[in-house]
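Sequence positions in the sequence shown follow this note's numbering and run 4 to 289. Note that CB positions come from ideal geometry on N, CA and C, so glycine has one too. Model, not experiment: these values are computed from the prediction. A short worksheet on the structure shown next.
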Amino acid sequence: MRWLLWGIGALLLAGCGGFSVDPVDLGIAKDDPRCTEADGELVCAHATLAFKGGAFESSTREVHFMHPTGDPPEGGFPVALLFQGSFYSAEGMWQSKEGDDFGGYHETELVRALLDKGFAVITPETRLDGGSFWDTNVVGFSSNWESSEDHALMVALFAAITEGKLGPLDEGRLFAAGISSGGYMTSRMAVSYSGKLQRLAIQSASYATCSGALCIIPDLPADHPPTLFLHGEQDLIVPIETMRDYADKLEKQGTEVKRIEDPDAGHEWLATAPAEIPEWFLAGAP
């Protein structure tokens with residue numbers, strides 16, 4: 004029901020404009036540690052950009068990011084886009100405590116691992132300062148994606164990367180991962196931005212327009228990026244069979260797929276995600 008209500012409300016604000024952003028400094032020296040850990044809490048430094056625009060030029064969407072330590076390689080740092088789940092701010096991906104809900108600590112461990120492996124990390128917010136969810140499977144936008152504010156945000160974000168507004172990043176080495184609503188948004192990268200992303204990692208989600216148990220997998224793009232799926236067999240929010248249907252269809256068309264299924268996990272970041280996802284991305288980032 005929430006998807007229908009949000010879709011109706013959002014369509015009343017149709018015709019969203021583009022976003023603009025000014026460049027910003029990281030606010031941290033290139034060789035300073037990015038993440039610190041003490042007393043069961045992990046904190047990673049990050050900078051924030053405000054993208055202004057959207058419906059009637061009235062929206063501001065924050066995008067949090069950080070570069071790894073050291074000098075960038077020729078062409079710039081490879082980039083990992085991380086998409087948060089519903090009702091959790093993307094800024095929270097940069098700080099968590101052991102035992103946080105939905106495997107939140109593993110999420111921040113993933114941020115740290117990606118930075119340690121040489122990836123710049125970018126975490127954009129959903130509407131309402133991260134207090135909502137991604138448009139990808141919302142009624143009205145799932146079949147008309149170009150009318151969504153999230154699409155306008157992604158166009159602006161890709162442009163900002165190209166224009167160097169987030170520093171020396173390599174637009175030819177873009178990767179994405181996400182959980183739940185952010186996992187569906189990760190799939191959207193393959194569906195609507197052909198050739199942009201090199202590899203994907205989808206945690207506790209399925210195809211871009213699916214929603215929980217409601218899931219029909221259509222014909223998939225022939226150039227769909229290689230995809231890592233991570234899922235708990237005890238997931239009651241996004242049944243694991245919806246992921247398996249997606250993965251099966253990708254495999255049948257010859258797309259590289261890897262699956263990690265945890266028989267004891269529910270709807271959460273798996274403990275193996277911080278190790279598995281960077282290695283999966285590195286396989287596509289020579």
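Residue i - DSSP class collapsed to helix/strand/coil
i	result
residue 161	helix
residue 10	Only weak support is given to the placement of residue 10: the predicted model assigns it a pLDDT of 41, under 50, and the value that follows is read from those uncertain coordinates. Of the three classes helix, strand and coil, the one that applies to residue 10 here is helix, per DSSP.
residue 184	helix
residue 277	helix
residue 219	coil
residue 227	coil
residue 234	strand
residue 146	coil
residue 37	coil
residue 193	helix
residue 106	helix
residue 139	helix
residue 44	strand
residue 284	helix
Residue i versus residue j - alpha carbon distance
i	j	result
residue 39	residue 111	11 Å
residue 258	residue 225	8 Å
residue 59	residue 240	With a pLDDT of only 43 at residue 59, under 50, the local geometry of the prediction cannot be trusted, and no value is derived from it.
residue 51	residue 69	9 Å
residue 210	residue 162	25 Å
residue 155	residue 30	27 Å
residue 125	residue 277	16 Å
residue 171	residue 34	15 Å
residue 2	residue 81	Here the chain covers residues 4 to 289 and nothing more, so residue 2 does not appear.
residue 169	residue 96	18 Å
residue 248	residue 165	35 Å
residue 197	residue 106	31 Å
residue 73	residue 221	43 Å
residue 256	residue 32	46 Å
residue 251	residue 229	13 Å
residue 159	residue 56	10 Å
residue 194	residue 227	7 Å
residue 113	residue 99	11 Å
residue 234	residue 43	25 Å
Rounded Cβ spacing between residue i and residue j (contact assumed at less than 8 Å)
i	j	result
residue 231	residue 204	4 Å
residue 173	residue 78	5 Å
residue 271	residue 184	With a Cβ gap of about 14 Å, residue 271 and residue 184 do not count as contacting.
residue 139	residue 212	7 Å
residue 37	residue 71	7 Å
residue 243	residue 236	5 Å
residue 101	residue 108	5 Å
residue 67	residue 93	6 Å
The segment 274-288 / the segment 178-189 touching (three or more Cβ pairs under 8 Å): yes
Cβ contact check for the segment 186-193 and the segment 78-97: 3 or more pairs under 8 Å: yes
Any 3 or more C-beta pairs closer than 8 Å across the segment 203-218 and the segment 115-123: no
Length-filtered (3 minimum) beta strand (DSSP E) runs lying within the segment 60-104: 62-69, 80-86, 98-100
Cβ contact (3+ pairs, closer than 8 Å) linking the segment 193-204 and the segment 129-137: no
contact_flag[the segment 141-152, the segment 28-48] where n(CB pairs < 8 Å) is 3 or more: no
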